[in-house]
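These notes concern the structure reproduced below.
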């Protein structure tokens, strides 16, 4: 579901990928693999040029060769990871050097992935997409931290509110073959994690439902449920949607790979697996899960602070404006669009007048939860004031914003609101206005005014509609 939201919301925003290689043939080959509408490609032919391009182009991800003139890939990666302006950019080393020593050197330099030439197209696309999501989580965590600190603490008190050290991440292997299970455990022995293994799909579902699994390694051929069915059920769970899943199987046919992708698995490894490859995948996906957990815990912490609306549990007006301001400033550097949706409940005063303010409060609370469940983890939902809400959609243009508004409208129509007022046959409707940065406004107030104007147009035209 989260992957589907990502694709719908940012469908027309292309992620910027910097490809670095001194070989024109390799540059052309990698560009061909990533030539669809999801990516905006930038090229560099050596490490020094890669540093310049990283600072000027602000890429979302870097694919980099190791052996290059002037500055090799290891040195360039180390410099990028030490620079506060570029340390969040994921780096994939793509090289013909396949020995353990060079892979270790790539990890020490800060590379997130290490792929060996010739690269398989499906594998490259899977790695790129996974790390692009990780980049979004890292960026949003930075922005939300800056937004919150500017509201509720000063520099002297920052240390007292830092997050406590969490216990080691829990990795669950779902494998009925004893030999394969022992091999996987052996490969992961040196990583800082808690390893657990079950042999049946139903046991895996029970543990996933607990919300205490950080990564699942899943065989497809199990004695009770197929791995596909296990994955489908986990993705339908509230606590299972954000759990990274790596398929480990002897099935190497294209149908199995495609079905795994459709079920939103994060990776697909074919037995016999290579220890270093498994370790690299586990590291990246655990980091991705950690960033996602930080985003969620950031929200939970804010519940007791000055940045959350006490009634709905959403972010409040002040935090929304600060967040949008920082998001616009970041987009000036990285050149991505931002969509803003303003939402107003139609005829809300009549609910309060007819059924009393307690019923109106419940309507606001339930609508807030519908909005949160309808958007991505990186989006921000806020109560703007009264019966008006705001949704900020980073990396989304007006077209993507309209699609999200339509999804929200459908979710509201299908929601069974529990208030007694609506139970008497009254259907809750909303009007929405959609605006997009930079097309409709270059700063916070202008963008909000533009979205508000669209909202007003929806009201004038008869309410219960979207104006974009």
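Residue numbers (this note's numbering): 847 to 1314.
Virtual Cβ for every residue (Gly too), placed ideally from N, Cα, C.
Coil, strand or helix - residue 908 by DSSP: strand
Bounding residues of the beta strand (DSSP E) (the contiguous stretch that carries residue 1191): 1184 to 1191
Thinking C-beta only, is residue 1020 closer than 8 angstroms to residue 1044? yes
Whole-angstrom C-beta distance between residue 968 and residue 1224, which should lie under 8 angstroms: Not really, about 25 angstroms apart at Cβ, beyond 8 angstroms.
What did DSSP end up calling residue 1018 once you bin it into helix, strand or coil? strand
Complete runs of the beta strand (DSSP E) confined to the region 1263 to 1313 [at least 3 residues]: 1276 to 1283
Can you name the residues that DSSP bridges to residue 1228? 1161, 1236
Where residue 890 falls: helix, strand or coil (DSSP): strand
Buried or exposed (CB count within 10 angstroms, at least 16 for buried), residue 1288: exposed
Return the chain-ordered list of same chain residues with a C-beta closer than 6 angstroms to the C-beta of residue 1298, the five sequence neighbours on each side being excluded. 1188
Counting pairs of Cβ atoms below 8 angstroms between the region 1066 to 1076 and the region 1156 to 1176, do you hit three or more? no
DSSP state of residue 932, grouped into three classes? coil
Hey, does residue 1277 have any beta-carbon neighbour from chain B nearer than 8 angstroms? Chain labels in this structure do not include chain B; a single protein chain is all it has.
From 1240, 1311, 1283, 1301, pick the residue whose C-alpha is nearest to that of residue 986; which is it? 1240
Given a cut-off of 8 angstroms on the beta-carbon distance, is the pair residue 1061 and residue 1015 in contact? yes
Label residue 1112 either buried or exposed according to how many other C-beta atoms from any shown protein chain fall within 10 Å of its C-beta, with 16 as the threshold for buried. buried
Whose C-beta lies closer than 8 angstroms to the C-beta of residue 876 among residues of the same chain, with five residues either side of it excluded? 865, 867, 909, 940, 965, 970
Between residue 863 and the rest of its own chain, which residues show a CB-CB distance below 8 angstroms, the 5 nearest in sequence each way excluded? 880, 885, 886, 887, 888, 905, 906, 907, 908, 909, 974
Cross-strand partners of residue 1114 (DSSP beta bridge): 1093
Specify the secondary structure class of residue 880 as computed by DSSP and reduced to three states. coil
Which listed residue (1226, 1221, 932, 1193) has its alpha carbon closest to that of residue 1169: 1226
C-alpha gap between residue 923 and residue 936, whole angstroms: 10 angstroms
At what residue ranges does the region 933 to 963 contain a whole run of the beta strand (DSSP E), taking only runs of 3 or more? 937 to 941, 959 to 962
From the DSSP output, in three-state form, read off residue 1253 for me. helix
I need the straight-line Cα distance from residue 869 to residue 976, nearest angstrom please. 26 angstroms
By the DSSP assignment, the alpha helix (DSSP H) with residue 1100 in it spans what residues? 1100 to 1108
Cβ-Cβ separation, residue 1089 to residue 1050 (assumed contact under 8 angstroms), whole Å: Not a contact, Cβ separation roughly 10 angstroms.
Which residues in the same chain as residue 912 place their Cβ atom closer than 8 angstroms to its Cβ, once the five residues preceding and following it in sequence are excluded? 918, 919, 920, 939, 941, 943, 948, 952
Any chance the region 1173 to 1190 sits against the region 1293 to 1312, with 3 or more Cβ pairs inside 8 angstroms? yes
Which complete alpha helix (DSSP H) runs does the region 1013 to 1064 hold, if anything under 4 residues is left out? 1024 to 1034, 1047 to 1055
At which residues does the alpha helix (DSSP H) containing residue 1081 begin and terminate? 1073 to 1082
Restricting to Cα atoms, I'd like to know which of 1209, 1114, 955 is closest to residue 1274. 1209
Chain-order list of residues whose beta-carbon lies under 7 angstroms from that of residue 1173 (same chain, five-residue window excluded): 989, 1184, 1238, 1240
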